[in-house]
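Going down the list, the protein sequences come from chains A and B. Note that our numbering gives residue 400 to position 138 of the first sequence, counting from 1, and the numbers run on in steps of one. Note that our numbering gives residue 16 to position 4 of the second sequence, counting from 1, and the numbers run on in steps of one.
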Amino acid sequence: MTNKDRKSPKKAANDLSVVLRAALGEDRFPVDVEALAFEVSKNFDDPITKIRGVEIDGFDGVLRASRKKPSWRILYNTATRYPGRERFTLAHEFGHYVLHRRPLKATDYADGVLANGFDFECFPLQANEWKDVEKEREEEADTFASYLLMPIDDYRDQVAGEDMTLSLLDHVTNRYGVSLTAAVRKWIEFTDKRAAMVVARDGFALWGRASNAAFKTGIFIPSGMPIPDDSIAARGPEAQGNETNTAITLPEGVWRFSRGREPVRELTIFSDRLGMSVSLLVFENTIVSYDFEETKEWDTYDQFVFRGRP
Amino acid sequence: MPTPVGERIRQQRLKKGLTLEQLAQEIGSSKSYMWELENKDVARPSAEKLQAIAQALDTTMDYLLAADDVTEADATDKEFYRKYRGMENKTKKKLQRMLELLDEDNDE
Numbered sequence: 263m264t265n266k267d268r269k270s271p272k273k274a275a276n277d278l279s280v281v282l283r284a285a286l287g288e289d290r291f292p293v294d295v296e297a298l299a300f301e302v303s304k305n306f307d308d309p310i311t312k313i314r315g316v317e318i319d320g321f322d323g324v325l326r327a328s329r330k331k332p333s334w335r336i337l338y339n340t341a342t343r344y345p346g347r348e349r350f351t352l353a354h355e356f357g358h359y360v361l362h363r364r365p366l367k368a369t370d371y372a373d374g375v376l377a378n379g380f381d382f383e384c385f386p387l388q389a390n391e392w393k394d395v396e397k398e399r400e401e402e403a404d405t406f407a408s409y410l411l412m413p414i415d416d417y418r419d420q421v422a423g424e425d426m427t428l429s430l431l432d433h434v435t436n437r438y439g440v441s442l443t444a445a446v447r448k449w450i451e452f453t454d455k456r457a458a459m460v461v462a463r464d465g466f467a468l469w470g471r472a473s474n475a476a477f478k479t480g481i482f483i484p485s486g487m488p489i490p491d492d493s494i495a496a497r498g499p500e501a502q503g504n505e506t507n508t509a510i511t512l513p514e515g516v517w518r519f520s521r522g523r524e525p526v527r528e529l530t531i532f533s534d535r536l537g538m539s540v541s542l543l544v545f546e547n548t549i550v551s552y553d554f555e556e557t558k559e560w561d562t563y564d565q566f567v568f569r570g571r572p
Numbered sequence: 013m014p015t016p017v018g019e020r021i022r023q024q025r026l027k028k029g030l031t032l033e034q035l036a037q038e039i040g041s042s043k044s045y046m047w048e049l050e051n052k053d054v055a056r057p058s059a060e061k062l063q064a065i066a067q068a069l070d071t072t073m074d075y076l077l078a079a080d081d082v083t084e085a086d087a088t089d090k091e092f093y094r095k096y097r098g099m100e101n102k103t104k105k106k107l108q109r110m111l112e113l114l115d116e117d118n119d120e
């Protein structure tokens, strides 16, 4: 598949969501990625014929061409160390199949086995370009997985404009069968609120994301940012007292970003097992900024239809 | 993305029950430098630093570096070379076996 004629990751995932909704209605969640991958890929000459869960520490997943006939296999980690991650990993590898694979043909197996040098990465690349392309593919597969498992319209309905609480997060992680981190990250992506998430370990941010509205008011979380001493994330679970379900209002100046000080509500979830914390920050003050219009995905198909109009 | 070295340092540190601060102090570095070593793939410690860390953690430089000792040729599939490179040798062997098994299997 060349870059020009393929769908964007969001569009590809949304198209599948539409099919799932039509076929299964309310029962479509959590998405049965394995069944979907078999069903969808059946329509191609190089279907996915095997999906296996393995428990190998330090391994996520792989999409691999069969060495014998035009078909693909997915291996993915089902170890319980990361509950909720396995569905996402499987969807990610399925994303590589939908978005990035070079279709296999019978002629590729002329000698009885798959010719060498055929695998996945098939463009001649310079070493430094390689890394960027690879990174982009990984991000695209993540985007595909995120939209396939957690369609934004459905997620919006679940939240219904309410404040994010631990029980609401529980509800969505169960509904979609994803990890807490994936669910929070998705919410940050579509919420109209000024909000941010910070994933931290040992007193520093591993990474973070700000919502569009927050980003436009100067909120940005660089990797390696020190976690402020007075935050819930730094003070630990005790700082929440009995109030573990809803965010706690902190005085201004605890979390400081580039544009001054303001009060913030913080909800932090601690994972002893992973030695990490995930903080959800919601900023109290509404700062008027230009409305952000969500641009609709426009792909070559739309372009084609558009051009064909009388 | 932590490096294999960073991951090993962290595991070894936790095994010894040291906090990031304690280890940083012991090797005469700042806490944030130590954090970068463990958690970011940009940090490249000098041999002396690594030696000091190994000593503080009752281990060897060889052990801390072992996970890096892989060449691209070891990975059969380029598409997951990067992930593969970060794995422990034990993990690689297991994965390799799984892939071989899959290849031997006949489809349907």
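We treat Cβ as the ideally placed atom computed from N, Cα and C, and that holds for glycine.
Backbone secondary structure at residue i - three-state DSSP
i        : result
B/Ile65  : helix
A/Glu528 : strand
A/Phe466 : strand
A/Phe306 : coil
B/Asp22  : As written in the sequence, residue 22 of chain B is Arg, which differs from the Asp given in the question. Reduced to three states, the DSSP call for B/Arg22 is helix.
A/Val324 : strand
A/Thr511 : strand
A/Ile481 : coil
A/Asn339 : strand
B/Pro16  : helix
A/Ala284 : helix
B/Lys28  : coil
A/Met408 : First, the residue type needs correcting, since residue 408 of chain A is Ser and not Met in the sequence shown. Note: A/Ser408 maps to helix in three-state DSSP.
A/Val434 : helix
A/Trp517 : coil
A/Phe538 : Residue identity check: residue 538 of chain A is Met in the sequence provided, not Phe. Strand at A/Met538.
A/Val295 : helix
B/Ser42  : coil
A/Gly315 : strand
A/Leu543 : strand
B/Pro137 : A query on residue 137 of chain B cannot be resolved here, the shown segment of chain B reaching from 13 to 120 and no further.
Cβ neighbours of residue i in the same chain (closer than 6 angstroms, five flanking residues each side left out)
i        : result
B/Ser41  : none
B/Glu33  : Lys43
A/Phe452 : Ile414
A/Ile481 : Ala458, Ala472 and Phe519
A/Arg335 : Lys312 and Arg326
A/Ser539 : Ala462, Ala495, Thr530 and Phe532
A/Gly484 : According to the sequence shown, residue 484 of chain A is Pro rather than Gly. Closer than 6 angstroms at the Cβ level, and outside the excluded window around A/Pro484, lies no residue.
Environment of residue i [buried if 16+ CB atoms lie within 10 Å]
i        : result
B/Leu23  : Residue identity check: residue 23 of chain B is Gln in the sequence provided, not Leu. By the 10 Å Cβ count, B/Gln23 comes out exposed.
A/Ser533 : exposed
A/Thr435 : buried
A/Lys304 : exposed
A/Lys273 : buried
A/Arg463 : buried
A/Ser279 : buried
B/Ala85  : Per-residue confidence for B/Ala85 stands at a pLDDT of 42, beneath the threshold of 50, marking its modelled position as unreliable; the derived number appears in the next sentence. Counting Cβ neighbours within 10 Å, B/Ala85 comes out exposed, since fewer than 16 surround it.
Contact list for residue i against chain E, beta-carbon separation under 7 angstroms
i        : result
A/Asp464 : In the structure shown, chain E cannot be found, because the protein chains are A and B.
Cutoff 9 angstroms: residue i Cβ touching any chain A Cβ
i        : result
B/Glu38  : no
B/Thr103 : yes
B/Lys43  : yes
B/Leu52  : According to the sequence displayed, residue 52 of chain B carries Lys and not Leu. Closer than 9 angstroms: yes.
B/Leu69  : no
B/Leu114 : yes
B/Leu26  : yes
B/Leu111 : yes
Minimum Cβ-Cβ distance from residue i to chain B less than 9 angstroms
i        : result
A/Asp534 : no
A/Asp308 : no
A/Arg471 : no
A/Thr264 : With a pLDDT of 46 at A/Thr264, under the threshold of 50, the predicted position of this residue should be treated as unreliable, and no value is reported.
A/Lys272 : no
A/Phe321 : yes
A/Val324 : yes
Cβ-based neighbour list, residue i, same chain, cut-off 7 angstroms, excluding 5 preceding and 5 following
i        : result
A/Glu296 : Ile313 and Leu352
A/Asp255 : Because chain A spans 263 through 572 in this model, residue 255 of chain A falls outside it and cannot be assessed.
A/Ala341 : Glu317 and Asp319
A/Gly515 : Arg523
B/Thr72  : Ala66
8 angstroms Cβ shell around residue i - same chain, five flanking residues per side excluded
i        : result
A/Pro386 : Bear in mind that the predicted position of A/Pro386 carries a pLDDT of just 37, short of 50, making it unreliable; the figure below should be weighed with that in mind. Excluding residues within five positions, none has a Cβ falling inside 8 angstroms.
A/Asn507 : Thr427, Leu428 and Ser429
B/Trp47  : Leu32
A/Val375 : Arg329 and Lys330
Looking at C-beta atoms only, is the number of pairs between the stretch 104-118 of chain B and the stretch 50-70 of chain B that lie closer than 8 angstroms three or more?
No, the stretch 104-118 of chain B is not in contact with the stretch 50-70 of chain B.
Could you check whether the stretch 289-298 of chain A touches the stretch 432-444 of chain A, counting it as contact only if at least three pairs of C-beta atoms, one from each stretch, sit closer than 8 angstroms?
At 8 angstroms Cβ cutoff, the stretches touch.
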